[in-house]
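Protein chains in written order, with UniProt numbering: chain A, 1 to 248; chain B, 1 to 248.
Presented below is the structure to which this report refers.
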DNA sequence: CTGCGTGATGTTGTACACAACAATAAAATC
DNA sequence: GATTTTATTGTTGTGTACAACATCACGCAG
């Protein structure tokens, strides 16, 4: 079903997840599952069995259900009695509203309680930019998604407004899967991937430059523009592909 | 502890909550508990026993825990192992960031997918305005909070952007308790209540007028201004009161 | 009288058995 | 042979017993 090459074994599961209190454990399981969903390790429509997950993480169904309940409240899965817990399917049109909101929030990060980036943070941006440059050399969809995710978290840390951070994160995780899913269906998959990585690299360079001089408002403006354009490109290519293959 | 006069029996519990599927039942319990928290039926710091709630709603602890988990994720309660589920305490300073965000989102409701109000919706606004006028005549803190809540939901229905609605609601329920809590501690409780109701009535009249001519951008601007000013008034009176009684 | 340890009590977290429900396949009936 | 009915299997939702943990009271030594 998925054109994304995934490996048989999923990363970071029952290894060193035991330590810490019960809250930390649940938080870690939550983070792992959310990441898997967003990187399409779990494809939209896939059924997640609670007991399978319980076995993998070496707990009972109870804490797993706690995690799945949160993922359901956040719109990433949907549990159906007697059937299973299904990873929600998504399409670009349904996510348009989320994108519109993300565009606005991106600008707010530079306005509401911006934190002046210190040397360490700037270094983190530069490191990420370097990773992105190796990505341009050897394009890979999954690596692209991962760098994109790290980049988001780094940007999100530029505001001290906690609720804004939380909400931006929520919306990010609702939308980020759509790129991998849509792109993987395209005929011109490799070409689109290369083009998108190039554009992303340019955006990142621009933003890192703005971060270096400490102008977070500019960062907000750049991000706003890029999120908006990224959505439009995605929608266009998705619709073009849909009409080519015979609509719906 | 609370200066708000509450009655012995809490409304809307085990009566007609049985009907519907399991999801609807959980949703209803959630709504009831959330409302109780926001109207200070459960005061900040109060301990909610899972088994007590389970008895009241005539279910086991399991679905109650499902609801409490969501309330915890939304920041209204916090479960502590071996202690209890405690209604989160709040103070005006901690909520400043939430208010800043709400101010921005209020404006977005008029911008993102605004829905032209039909006759029925306008009528709902006018009905609410009438309720507010009776409130001016006979001030009552709890009724004020309830009308405020209804007003919020009505305003929130003016955008078709679902994620924006959900997030606005989330932030609203995080902040709305602070007014009742702060006001109830004030020396000049009655005077502040009367003044606040008068201001609220004026805001409502302005907004209803803007709704009637269908200008949702203006609605957004008015709300933005009022949320902002309301917060400032609250913070000032809270701090003035704190210094008067000896800081802390 | 104070400080510390220890047991009793109460509450949430976990695990597990079972009920409710959905889907599929098999079988019976027309 | 097609269709309806029924049985079987698989999954989530619920209830409940028990474990883990925190708190408080009580006793006891200093």
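Ideal Cβ placement from N, Cα and C applies to all residues, glycine included.
Span separating the alpha-carbon of residue i from that of residue j
i, j, result
"residue 57/B", "residue 22/B", "13 angstroms"
"residue 166/B", "residue 74/B", "12 angstroms"
"residue 139/B", "residue 43/A", "55 angstroms"
"residue 212/B", "residue 164/A", "32 angstroms"
"residue 180/B", "residue 111/B", "30 angstroms"
"residue 153/B", "residue 93/A", "26 angstroms"
"residue 231/B", "residue 143/A", "45 angstroms"
"residue 178/B", "residue 174/A", "30 angstroms"
"residue 236/A", "residue 150/A", "26 angstroms"
"residue 115/B", "residue 203/B", "21 angstroms"
"residue 101/A", "residue 79/B", "32 angstroms"
"residue 55/A", "residue 54/B", "29 angstroms"
"residue 32/B", "residue 35/A", "33 angstroms"
"residue 89/B", "residue 126/A", "40 angstroms"
"residue 63/B", "residue 148/B", "30 angstroms"
"residue 195/B", "residue 215/B", "28 angstroms"
Sheet register partners of residue i (DSSP bridge)
i, result
"residue 47/B", "86/B"
Simplified DSSP state of residue i, which is helix, strand or coil
i, result
"residue 79/B", "strand"
"residue 114/A", "strand"
"residue 198/B", "helix"
"residue 138/A", "coil"
"residue 159/A", "strand"
"residue 220/A", "helix"
"residue 206/B", "helix"
"residue 94/B", "coil"
"residue 59/B", "coil"
"residue 188/B", "coil"
"residue 127/A", "helix"
"residue 42/B", "coil"
"residue 213/A", "coil"
"residue 182/A", "helix"
"residue 15/A", "Confidence at residue 15/A is low in this model, with a pLDDT of 40, below 50, so its placement is unreliable and the value that follows should be read with caution. DSSP places residue 15/A in coil when its eight states are reduced to three."
"residue 303/A", "Outside the shown range of chain A (1 to 248) lies residue 303/A, about which nothing can therefore be said."
"residue 74/B", "coil"
Beta-carbon proximity check, residue i vs residue j, cutoff 7 angstroms
i, j, result
"residue 83/A", "residue 46/A", "no"
"residue 227/B", "residue 158/B", "no"
"residue 156/B", "residue 113/B", "no"
"residue 197/A", "residue 135/A", "yes"
"residue 66/A", "residue 26/A", "yes"
"residue 233/A", "residue 103/A", "no"
"residue 76/A", "residue 37/A", "yes"
"residue 107/B", "residue 220/B", "yes"
"residue 145/B", "residue 39/B", "yes"
"residue 141/B", "residue 193/B", "yes"
"residue 168/B", "residue 105/B", "yes"
"residue 182/B", "residue 238/B", "yes"
"residue 171/B", "residue 218/B", "no"
"residue 132/B", "residue 201/B", "yes"
"residue 69/A", "residue 69/B", "yes"
Under 7 angstroms (Cβ pairs) to chain B, residues found in the stretch 160 to 173 of chain A: 161, 162, 163, 164, 167, 171
Near-chain A residues of the stretch 18 to 33 of chain B - C-beta to any C-beta below 9 angstroms: If the cut-off is 9 angstroms between Cβ atoms, the stretch 18 to 33 of chain B has 21, 22, 23 near chain A.
Under 7 angstroms (Cβ pairs) to chain B, residues found in the stretch 91 to 105 of chain A: 97, 98, 100, 101, 104
Contact list for the stretch 113 to 140 of chain B against chain A, Cβ threshold 8 angstroms: Result list: 113.
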